[in-house]
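Okay, so here's the structure we're looking at.
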Amino acid sequence: MQNPAPIKNSILTASTRFKPGYTPLIVLLVTLMFTIGGWQYASEYVYRTAELRFKANTHLIESQITNQMAAYEQVLRGGKGLFDISREVDRQAWKKYFETLKLEENFPGIQGLGFSLFLRPGDLDNHIQQIRSEGFSNYNLKPSGVRDEYTSIIYLEPFDERNRQAFGYDMFSQSVRNAAMSKARDTGVAALSGKVELVQEITDDKQAGFLLYLPVYTTSETPASVPERRQALYGYVYSPFRATDLMQGILREQTSTVSFKVYDGTEQNQNALLYDGDAELGLTAKTWKPVFRTAQKVQVAGRLWTISYYSTPIFEAGLGFTLPIWLLIGGSLFCILLFIISNMFTITRLRALKLAEQTTELGETNKQLEQAKAEAEHANRAKSSFLAAMSHEIRTPMNGVIGMVDVLAHSRISEQQADAVKTIRESALTLLDLIDDVLDFSKIEAGRLELERAPVFVVEIVENICITLSTVAASKGTDISLFTSPEIPDQVWSDPTRLRQVLYNLIGNAVKFSGNQSDKRGQVKVRVEVSDQSAGTIRFSVADNGIGMTKEALESLFTSFTQAESSTTRRFGGTGLGLAIADRLVNLMEGSIKVESQLGQGSTFIITLPAEPVETQTTSPQQGLSGLTCILVESPHYDADDLTVYLQHAGAQVQSTTDPESIFLQAATTGKPLVAIMDTDHISTFGKLCDESRNNNPHIGQIYISRSNNNTEEETSGDTTSNAIIVNSQIIRRQEILDAVAVAAGRETPVKKRTDTNVVQFEDKPITVSEAREKGRLILVAEDDLINQKVILRQLSLLGYAAEIAGDGKIALEMWRTENYAMLLSDLHMPHMDGYALARSIRAEESNGTRIPILALTANALHGEAHRAKSAGMDGYLTKPVQLHLLKDQLGKYMSKVGTPSSDQWVTDTDEAAVTATNETEVLNMEVLTEIVGDNPEIINDLLISYRESAQQQAKELRKAFKQRDSRQLCYIAHKLKSASRSVGAVTLGDICAELENAATTEDQAAITKYFENVENGLKTLMSALSHKLDQGNLFSERPQHQSPQTESPQTELPQD
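Heads up: the sequence shown begins at 21 in the working numbering, then just goes up one per residue.
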């Protein structure tokens, strides 16, 4: 450390140069000089900057006026073009042209668009008679009188009360108008009139006006000389303007910081004033004196305007004129402060030395603290990066656990063992969820979480989440209600996985914290609506009546590893990461999340997310309920307002009542079909009344809304009518209620719903490797982990597939070169050669026309992995641990089951009977038709024949659209064929058509090609089964063949183009 003695001596030496009384004065004078100089410079700078801003605003206003007037001139040119094409422009053609312009929307401020016909004295009588013959019996030129030349306004749109005042007006009779019209006639270009009072001014609110004229000649080209132009004049296309309305239309609703006045000509006086911006802003000379003002002359359609500009209080308030004053005050205070400090310096030099030493020590301490902080942040980033990178290693052993538990669950074990396996699986999945939460949070902190941009069905995601949680909610004594606005686009661009994760967390929390309450039943209300505060956004609201939160708990709600209180963690469980992850994901998706809560009253979470619609999306078919009357019986068990919104959006007329019996009076009065909607409390009484009065009121459809997931015997005991439908009120889906109403009204036929579960059907006898090789169905698996090898082999065996194992990518490539495998399942991270390099090598070596499907299997849950796999040439992607039903779905996309015909094989006559015997129920399920039309063989026979003819025609159109690569037509035809197939029981073909429809919607050509081939194969199989039923009369397996009507031998081949 430096000895303070030399420093002390140097200070004493410096202090002897001047007398102690002079040093503070010198410091004060010098600093004051700098302060005053800075103040002057700041004042000039602020003024120059403000002046430049003022000039920029004036130039902007001038350009807006001139550009808009040029646009209005183009409107007139369009009208002139009508007359250049044909002189026979009638009133209807003029009106149609005006309507196409949408002047109020595209050209604000314009009062109308008209045509004034030029007349000579000899043409006057014929002209008046012609106009009167058009229905205007009182038509005359005005003002009356004898003149050498006349003009008459014969067309003027909009033809409202104001513009009717100008009908028949001779604008040549007024000098200002005549001057502009003559100028336009002689020059052949647009001309602007001077200031006038329009004849349309019929109210007390009169404004200065002017008119814009464009001459129309009898020749298609503008004559060369003035005499020729006068001789060839036919009329004028023109527009009247009210100056104030025009300027307000040009400026729209923008808040101008500059006021301006517009004068006709060069003189700035009241007689020439067209527009007074000061008056519009409420500014007067007494109340405001502007700092900046200027005037500019502008040529508009050949006429000179003078525009005077003035700065407004709004403009001057944002200029910062107070900055130099504050600088002067602050500088003066600083000077005084320096004076005081310098005056005290001599007597406090020792204290200053001590303070300098302390400051040095403090600086060293601060450096140490900064270094420690940097090291801590580096350690935190390293921790987060480590956890994010450990995704693969953590999920790999979990794949072995969950995969083998799945295999064990489908083995022959006792009921007690099955219960233990179920407990292990649920615990393992719970542990996996917790691991995923930690990994997601770590990836967010490490900046490694990437969002996907894909088409998202928002309504479908929310409905599926609510349905999934409804069972959990019911077990906790909680009801979930759902409303999805019909205004929500079918598809929007977003990240479906992260959106589902956020909503599942919020709705799951609402169910968790509102359930098992001793004093009341839990309520969770989920609403999805288009935001009314910001365009292009969707608002998700999740409200519950649970335990709520205190104000203090809300402040730390989105902090990681915390919950509302410490007891909450023990009572309800959880890591405290859910809301923290949700908050960060919403921010990454450029949305916002907020919460409102009161202790003991529940909580409401509101998420607002951007919702850019998918432009190429195919609008989902909506039930057409136009002209149908629906009567809602009010009930506390459902929200009648929400149901009303659904029904009215579909075109129905909705009425509410509290008396169900009044519905019969309504039906008897109107005699029109109607649908009654009520809860199951009325099912016994109302259903009985409907049966008793069926002859008098045959048009009443019945929909009963049940309060439970499973309709009890008590609720359905009164359901004795054939057109009564029961809907579960736990989760009322919009499309479900519309379908129910359409069926109850007789506008749709009921189609048997397919159950969509994760139950997987397994093969009783696993296929061997040699059998699979002979049939060309052998799968190659590239996997380096021994546990994962055992798991995937066992899972494939359960699904009826056989496979061979390669320990790494290099071995897999050699095996692929020597064997003919049907599919490759590959891990992405392997020694010697990873999955990416393996896929790229195979794609590079494949010959034209051959392509092996490659499915990626990886324990890395990052979104980037899926994109990299697709770029490398892989067809699919599954994350470990792989669940059996997901693996089955992926395998089904690329290869059929072992033992069934491959995609390029047709069913022949020799094996047609075998296919029919084994797969008849899968291909054509007769139960669907019997539920719709009964078991009358003649009716079913007619329906199947009609379906066969329609399907053959649609197959032809489908093939034509595929050859033309018309994705929109493919989507349309696939949708129609899907609906028709499911209606007659061809559920399998309907599902294949749905896959083709989805592929056509996204315009994925590779998927379209694959699913188109599947549809053609499915149609061939279906036609074969259908021909068997119609030829043999075997419409019902339990009915003798002689009871079925005989049909002609149907066409089993699909039509060709």
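From the three backbone atoms N, C-alpha and C, an ideal C-beta is built for every residue, glycine too.
| query | result |
| --- | --- |
| How is Lys115 classed by DSSP in three states: helix, strand or coil? | helix |
| With H, G and I counted as helix, E and B as strand and the rest as coil, what does DSSP make of Met53? | helix |
| Could you check what DSSP says for Met267 in three-state terms: helix, strand or coil? | helix |
| State yes or no: is the C-beta of Met569 within less than 8 Å of the C-beta of Ser623? | yes |
| Pop quiz: Val544 and Ala493 are said to be a contact at Cβ under 8 Å. What is the actual Cβ separation, rounded to whole angstroms? | 7 Å |
| Take Leu234 as the anchor and find which of Tyr92, Glu377, Glu470 has the nearest alpha-carbon. | Tyr92 |
| Could you have a look at Gln22 and say whether DSSP puts it in helix, strand or coil? | With a pLDDT of 48 at Gln22, under the threshold of 50, the predicted position of this residue should be treated as unreliable, though the coordinate-derived value follows. It is coil, neither helix nor strand. |
| For the putative contact between Ala440 and Ile422, defined by C-beta atoms under 8 Å, what is the C-beta separation to the nearest angstrom? | 15 Å between Cβ atoms; not a contact. |
| Does Ser861 pass the burial test, meaning 16 or more other C-beta atoms within 10 Å, or should it be called exposed? | buried |
| Taking only three categories from DSSP, how would you classify Tyr295? | strand |
| With distances taken between CB atoms, is the gap from Glu756 to Ala762 smaller than 8 Å? | no |
| Whose C-beta lies closer than 6 Å to the C-beta of Gly620 among residues of the same chain, with five residues either side of it excluded? | Gly568 |
| Excluding the 5 residues flanking Ala672 on each side, which residues of the same chain have their C-beta closer than 6 Å to its C-beta? | Leu645, Leu648, Cys650 |
| Just verifying my parser: in three-state terms, what is the DSSP assignment at Ile485? | helix |
| Do Lys281 and Leu293 have their C-beta atoms closer together than 8 Å? | yes |
| DSSP has Tyr897 in a bridge; who is on the other side? | Ala876 |
| When we look at the beta-carbon of Ser241 and count the other beta-carbons within 10 Å, is it buried (16 or more) or exposed? | The sequence given here has Glu at residue 241, not Ser. The residue is exposed, with fewer than 16 neighbouring Cβ atoms inside 10 Å. |
| Quick one: residues in its chain with C-beta nearer than 7 Å to the C-beta of Ala252, no 5 flanking neighbours on either side, listed in chain order? | Tyr237, Thr238, Thr239, Pro243 |
| If you compare alpha carbons, which of Gly1005, Lys976, Ser891, Pro506 is closest to Ser551? | Pro506 |
| Give the range of the alpha helix (DSSP H) segment to which Trp836 is assigned. | 829-838 |
| Which residues mark the beginning and the end of the alpha helix (DSSP H) in which Gly855 is found? | 855-865 |
| Which ranges does the alpha helix (DSSP H) cover as unbroken runs of at least 4 residues, wholly within the stretch 501-550, from first to last along the chain? | 516-534 |
| Can you tell me whether Ser279 is buried or exposed, with buried defined as 16 or more other CB within 10 angstroms of its CB? | buried |
| Can Val196 and Val216 be called in contact, C-beta distance under 8 Å? | yes |
| Nearest-angstrom Cα distance between Ala937 and Phe1032? | Because the pLDDT of Ala937 is 38, which lies under 50, any placement of that residue in the model is unreliable, and the question is left without a value. |
| From Ser434 to Leu428, what distance separates their C-alpha atoms? | 11 Å |
| Hey, how far is the Cα of Leu816 from the Cα of Ala823? | 7 Å |
| So, is Gly820 buried or exposed, given that buried needs 16 or more other C-beta atoms within 10 angstroms? | buried |
| Can you list, in chain order, the residues of its chain with a C-beta nearer than 7 Å to that of Ser676? Leave out the 5 residues immediately preceding and following it. | Leu652, Glu654, Ala660 |
| At what residue ranges does the stretch 610-658 contain a whole run of the beta strand (DSSP E), taking only runs of 3 or more? | 612-618, 622-630, 649-653 |
| Count the other CB atoms, across all protein chains shown, that sit within 10 Å of the CB of Leu212; report buried if there are 16 or more and exposed otherwise. | buried |
| Would you say Val1078 and Val512 are within 8 Å of each other, going by their C-beta atoms? | Outside the displayed range of the chain (21 to 1077) lies residue 1078, so it cannot be described from this structure. |
| Between the stretch 127-144 and the stretch 157-173, do at least 3 Cβ pairs fall closer than 8 Å? | yes |
| Along the chain, where does the alpha helix (DSSP H) that runs through Gln672 open and close? | Before going further, note that residue 672 is Ala rather than Gln in the sequence given. No alpha helix (DSSP H) holds Ala672; DSSP gives it neither H nor E. |
| Do Gly214 and Phe192 have their beta-carbon atoms positioned less than 8 Å apart in this structure? | no |
| Hey, Leu1039 and Leu1009 are a contact pair by Cβ (cut 8 Å); roughly how many whole angstroms apart? | 7 Å |
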